[in-house]
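**Q** If you're matching them up, the sequences are chains U and P in order.
Under our numbering, residues 1 to 300 are what the first sequence spells out, in order.
Under our numbering, residues 1001 to 1442 are what the second sequence spells out, in order.
By construction, the Cβ of each residue, glycine as well, lies at the ideal position given by its N, Cα and C atoms.
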Amino acid sequence: MNTVELNKICKNYDEFVAVDHLSLVIQPGEVYGLLGPNGAGKTSTLRMMIGITVPDSGVVSMFGETFRRAHMQRLGYLPEERGLYKKMKVLDQLVFLGQLKGMSGDDATQKAEQWCERLGLKEWTDKKVEELSKGMQQKAQFIGAVVHDPQFVVMDEPFSGLDPSSAVVLKDAFLDLKKAGKTLLFSTHRMDTAERLCDSICLINHGRAVLEGDLGKIRAGYGKRNVQMKYEGDAKFLQDAKLVQSFNDYGNYVEVRLAAGADPQDLLRAATSCARLSKFELMEPSLEEIFIEAVGKANA
Amino acid sequence: MLRISLSNVWLVIKREYLERVRQRSFIVLTVLLPAIVGGAFFIPAKLSSMKSSKTQHLVVVTSDLKFGEIVRQQLLPSAKADDEKASADKDDKDVDDDDKSSNNYTIDVDSTPSEAERMALQNRVSSGDIDGYLWLSDDAVTARKVVYEGRESSGFLEKSWLSGQLDRAILLRELAQRGVSGDQADVLLKPVKLEMVRLKGGHETRANDKGMFFAILIMVMLLYMAVIFYGVSVMRAVLEEKNSRVMEVLLSSATSTELMAGKLVGVGAVGLTQIGIWITMAAVYALPALAASASAGEIHIAPLTLVAFALFFLLGYLLYSSVYAAVGAVITSEQEGQQLQFIILLPLILAVFMMGPVMRAPDSPVAMWTSMVPFFSPILMYVRIAIQPPPAWQIALSLLLLVATIAGILVLCARIYRIGILMYGKRPTLPEIMKWLKYANR
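(1) Across the region 1250-1263 of chain P and the region 1349-1360 of chain P, are there enough close Cβ pairs to call them in contact, namely three or more that are closer than 8 Å?
(2) Counting along the chain, where does the beta strand (DSSP E) carrying Ser1007/P start and finish?
(3) Compare the Cα-Cα distances from Ser200/U to each of Asn12/U, His21/U, Pro28/U, Ile9/U and report the closest residue.
(4) Would you mind reading off the limits of the beta strand (DSSP E) that contains Tyr1230/P?
(5) Pick out whichever of Gly1150/P, Ala1282/P, Glu1195/P, Lys1145/P has its Cα sitting closest to the Cα of Gly1039/P.
(6) Skipping 5 residues on each side, what residues in its chain have a beta carbon closer than 8 Å to that of Met1372/P?
(7) Let's see if you can read the secondary structure: which residues bound the alpha helix (DSSP H) around Tyr1324/P?
(8) Please decide whether Tyr32/U counts as near chain P, where near means a Cβ-Cβ distance under 7 Å.
(9) For Val295/U versus Val256/U, is the C-beta distance shorter than 7 Å?
(10) Please say whether Gln1073/P and Gln1165/P have beta carbons closer to each other than 7 Å?
(11) Roughly how many angstroms lie between the CA atoms of Asp1099/P and Leu1162/P, to the nearest whole one?
(12) Examine chain B for any beta-carbon lying closer than 7 Å to the beta-carbon of Phe96/U, and answer yes or no.
(13) If you compare alpha carbons, which of Pro1034/P, Arg1236/P, Pro1357/P, Ala1308/P is closest to Pro1378/P?
(14) Say whether chain U places a C-beta atom closer than 7 Å to the C-beta of Ala1254/P.
(15) Please state the DSSP three-state secondary structure of Asp107/U.
(16) So which residues of chain P does Pro79/U contact, with C-beta pairs closer than 7 Å?
(17) Along the chain, where does the alpha helix (DSSP H) containing Gln137/U start, and where does it finish?
(18) Which chain P residues sit within Cβ distance under 9 Å of Ile218/U?
(19) Could you give the DSSP three-state label for Cys202/U: helix, strand or coil?
(20) Assuming Glu157/U is part of the alpha helix (DSSP H), what are its boundary residues?
(21) Any chance you could list the beta strand (DSSP E) runs of at least 3 consecutive residues sitting entirely within the region 254-299 of chain U, in chain order?
(22) With respect to the alpha helix (DSSP H) encompassing Met1119/P, which residues constitute its N-terminal and C-terminal limits?
(23) Nearest CA to the CA of Val1246/P: which residue from Val1021/P, Phe1312/P, Leu1121/P, Arg1418/P?
(24) Run the CB neighbour count on Asn1008/P, radius 10 Å, all protein chains shown included, and call it buried at 16 or more, exposed below.
(25) Less than 7 Å between C-beta atoms, sequence neighbours within five positions excluded: which residues of the same chain meet that for Thr1030/P?
(26) State buried or exposed for Ser1188/P, treating a residue as buried only when at least 16 other CB atoms are found within 10 Å of its CB.
(27) Using a Cβ-Cβ cutoff of 9 Å, what residues of the region 1029-1040 of chain P are near chain U? List them in chain order.
(28) Identify every residue that forms a DSSP beta bridge with Glu65/U.
(29) How big is the Cα-Cα spacing for Leu132/U and Ser278/U?
(30) Taking Cβ positions, are Ile1445/P and Gly1337/P nearer each other than 7 Å?
(31) Just to make sure I have the definition right: I need the residues of chain P whose C-beta is within less than 8 Å of the C-beta of Gly144/U. Which are they?
(32) Which chain P residues are close to Ile9/U, counting only those with a beta carbon under 9 Å from its beta carbon?
(33) Of the choices Leu1272/P, Leu1251/P, Lys1046/P, Asn1243/P, whose alpha-carbon is the least far from that of Gly1231/P?
(34) For Tyr1382/P, which of helix, strand or coil comes out of DSSP?
(35) On the DSSP bridge assignment, give the partners of Met305/U in chain order.
(36) Provide the residue span of the alpha helix (DSSP H) that contains Lys171/U, from first to last.
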């Protein structure tokens, strides 16, 4: 039973096509990344998935059934922009959100306090939200999304605008949820974040799915066509168009993209003939590269 | 359509209510407003009582000493007391007269209406020796054009009282000249008091103008105040939620209709609490005074009117608040809301204008139809009930229409709300709103 299944959902705002026949499948217990540049339709997709808006066409299924109201209680949502009452005390607010998800007042209070302690908000539960720093507000928002122990947690750009230490705390909480068997979905435009955390991804661009599925398989499908190398001496081998499609000099090392059909061994030979190598490693392409290539193909 | 979860509505109501009632501004306003209003009534009253408690020294100038004495009698408090005693056994005097009794006069009669005397009197007025003089020369009395010159121009009530007493004095003199004795003159001059009795279903109902008017006035004032004060806070609450993006989180737990209904009732209850506190304060303060005054016995309001008051006030308040909520869902900033406020209030103002015609003819077709219109009925149907209860089916129909309209607006603005919050930046045009309503329908 898939946690979520989107089947050809569409959403138009006036003339603008936000989501265009998008389909994807999220398995139970996995971390799923919804990736794409700004304005690709990530937020629109998330909103339709959890019933905030309704698709113009297509079907949203959750926990193996067509989406209905009762499913809302089993999911948690962290919106991109902070959505908390500024003048309300942190704990009151979290209890209110928990109760809206069907918890009893006592239960919600207990869980909210536990979470606050865990994320370092214990001293702040009696403060108004507006008195909190941005990072703390984001933590409070996160607790609001998970206080009712949902099966499925949806987060829109959870790491944007966070200082590194808050990001780490949040990431750890995030992974704990995964260990507890929850299904997690988050959107981001940062490919490196997705690369580190996700089991599966959906890359979208202009509202369409460009790539969808298990991250490892996707990368394997693109083959090991990148070489990271360190050298001293003449770099004329980089100019050989038969071997090298493009390269990026990062100072400490150079990342080379092999030309189509080129054998990495030929590049190694060409390099040793004119320079001293201290590193030569074949690598899977980064998500960013995959994305750029996939989008390029889709647009072509 | 999604079904309404009452527990969600209740949670939203509770949150709105508690958050607002706990706010410092609520407590401050609750205490401060009665203080300001009380001050506004109390201070002028205190000031005017200070002024009128002083004895005024007047000079009545007339060549006819006997007439001068009659005028003096009419202006002196003792004369008035006699006056009232004469009429008190049958009915009570007008309140205006009671007010006057706090004025004390010392009256001198001057029998030399000459230009020189006039100059001298003017000097005495300017020097503060006397407060004023009444110029009752024979010509002036014959022409019924009398001049009062005083240091302070007298107020409206004082002027009408003075002219009334002079009328009476002149009449008394004329009657005396025709050989009518003082007692006979009192009988002749006794004013008529008209009592209205309404016959309905064989029962006699004493028309109670004071009570009725009182009841209508309070309704209109309260409704106005509640709508202006709390309608805006409903609008602001919706707007704040939209701008702070809390909506998005809430919509992942509850439907927009639940949120709207909860908000409306929650903020509404805050308004009712505040008004309730004020009414209690006013009652505690004013009841002893009312009970002591003679006219209190005349103010009794029919139970039906009280029930109608509660019902129509609540529904009217809800109706107008729901319109404010809809405006809050459409606009993007409070400034925009201010421009729209007048339009929201317009039907309420119109209803107040229509009160006159409806009160004159509560059973006319115009009164019947206008009192069915939901935006008017909280005032007009209530006015009709207070004056002369219309058939039950009419009351029921107007209530039904009112409730249906509130529900309709609620559903409508829940839709605008739901779609509107997902758009930012600019206020939508009317065609755009229509389109949203269609979207939300799907």
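**A** So, to answer that:
(1) Proximity of the region 1250-1263 of chain P to the region 1349-1360 of chain P falls short of the contact definition, fewer than three beta-carbon pairs being nearer than 8 Å.
(2) The residue you call residue 1007/P lines up with position 7 of the second sequence. Counting along the chain, no beta strand (DSSP E) covers Ser1007/P; the unbroken alpha helix (DSSP H) around it starts and ends at 1006-1021.
(3) Residue mapping note: residue 200/U aligns to position 200 of the first sequence, counting from 1. When each option's Cα is compared against that of Ser200/U, the closest is Pro28/U.
(4) Locating residue 1230/P in the second sequence gives position 230, counting from the first residue. For Tyr1230/P, there is no enclosing beta strand (DSSP E), as DSSP marks it with neither H nor E.
(5) The residue you call residue 1039/P lines up with position 39 of the second sequence. Closest by alpha carbon: Ala1282/P.
(6) Stepping through the second sequence from its first residue, residue 1372/P is reached at position 372. Contacts found: Met1381, Gln1394, Leu1397, Ser1398, Leu1401.
(7) As a first step, residue 1324/P must be located in the second sequence, where it is residue number 324. Segment 1303-1330, the alpha helix (DSSP H) holding Tyr1324/P.
(8) Locating residue 32/U in the first sequence gives position 32, where the first residue counts as 1. Put simply, the CB of Tyr32/U is far from chain P, with every gap to its CB atoms at 7 Å or more.
(9) Residue 295/U sits at position 295 when you count from the first residue of the first sequence. Residue 256/U sits at position 256 when you count from the first residue of the first sequence. Not in contact: Val295/U and Val256/U (Cβ atoms no closer than 7 Å).
(10) Numbered from 1 along the second sequence, position 165 holds the residue referred to as residue 1165/P. Numbered from 1 along the second sequence, position 73 holds the residue referred to as residue 1073/P. Cβ atoms of Gln1165/P and Gln1073/P: not closer than 7 Å.
(11) One-based indexing of the second sequence puts residue 1099/P at position 99. One-based indexing of the second sequence puts residue 1162/P at position 162. Its pLDDT being 43, under 50, Asp1099/P is placed unreliably in this model, and the coordinates cannot settle the point.
(12) Checking the listed chains, one finds no chain B in this structure; the protein chains it contains are U and P.
(13) For the purposes of this step, residue 1378/P is taken as the residue at position 378 of the second sequence. Ala1308/P is the residue among Pro1034/P, Arg1236/P, Pro1357/P, Ala1308/P whose C-alpha sits nearest the C-alpha of Pro1378/P.
(14) Residue 1254/P sits at position 254 when you count from the first residue of the second sequence. Cβ-Cβ to chain U under 7 Å: yes for Ala1254/P.
(15) For this step, residue 107/U is matched to residue 107 along the first sequence. In the structure shown, Asp107/U sits in a helix (DSSP, three-state: H, G or I).
(16) Counted from its first residue, the first sequence places residue 79/U at position 79. One finds Arg1245, Glu1248, Val1249 in chain P with Cβ atoms closer than 7 Å to the Cβ of Pro79/U, taken in chain order.
(17) Locating residue 137/U in the first sequence gives position 137, counting from the first residue. In the DSSP annotation of this structure, the continuous segment of the alpha helix (DSSP H) that includes Gln137/U starts and ends at 134-146.
(18) Counting from 1 along the first sequence, the entry for residue 218/U is found at position 218. Correct list: empty, because the minimum Cβ distance to chain P is about 29 Å.
(19) Taking the first sequence and counting its residues from 1, one reaches residue 202/U at position 202. Cys202/U carries a strand assignment under DSSP once its states are collapsed to helix, strand and coil.
(20) Here residue 157/U refers to the residue found at position 157 of the first sequence. Neither: Glu157/U is in no alpha helix (DSSP H) and is coded neither H nor E.
(21) Counting only runs of 3 or more, we get 254-258, 275-283.
(22) Here residue 1119/P is taken as the residue at index 119 of the second sequence, counted from 1. Here the alpha helix (DSSP H) through Met1119/P covers 1115-1127.
(23) As a first step, residue 1246/P is located in the second sequence; it is residue number 246 there, counting from the start. Checked all of Val1021/P, Phe1312/P, Leu1121/P, Arg1418/P; the closest Cα to Val1246/P is Arg1418/P.
(24) The count along the second sequence starts at 1 and reaches residue 1008/P at position 8. It counts as buried.
(25) In the second sequence, residue 1030/P corresponds to position 30, counting from 1. Correct list, in chain order: Gln1274, Ile1277.
(26) Counted from its first residue, the second sequence places residue 1188/P at position 188. Residue 1188/P is actually Leu in this sequence, not Ser. Its Cβ having fewer than 16 others within 10 Å, Leu1188/P is exposed.
(27) Listed in sequence order: no entries.
(28) On the first sequence, position 65 is the one that residue 65/U refers to. According to DSSP, Glu65/U bridges with Met62/U.
(29) In the first sequence, residue 132/U corresponds to position 132, counting from 1. In the first sequence, residue 278/U corresponds to position 278, counting from 1. Here the C-alpha atom of Leu132/U lies approximately 50 Å from the C-alpha atom of Ser278/U.
(30) Here chain P comprises residues numbered 1001 to 1442, so residue 1445/P is not present and cannot be evaluated.
(31) For the purposes of this step, residue 144/U is taken as residue 144 along the first sequence, with counting starting at 1. Val1249, listed in chain order.
(32) Stepping through the first sequence from its first residue, residue 9/U is reached at position 9. What Ile9/U touches in chain P: nothing, since even the nearest Cβ is about 13 Å away.
(33) Here residue 1231/P is taken as the residue at index 231 of the second sequence, counted from 1. The shortest Cα separation from Gly1231/P among Leu1272/P, Leu1251/P, Lys1046/P, Asn1243/P belongs to Leu1272/P.
(34) The count along the second sequence starts at 1 and reaches residue 1382/P at position 382. It is helical.
(35) No information on residue 305/U is available, as it lies outside the stretch 1 to 300 that chain U covers here.
(36) What you label residue 171/U is simply residue 171 of the first sequence in a count that begins at 1. That run of the alpha helix (DSSP H) goes 164-179.
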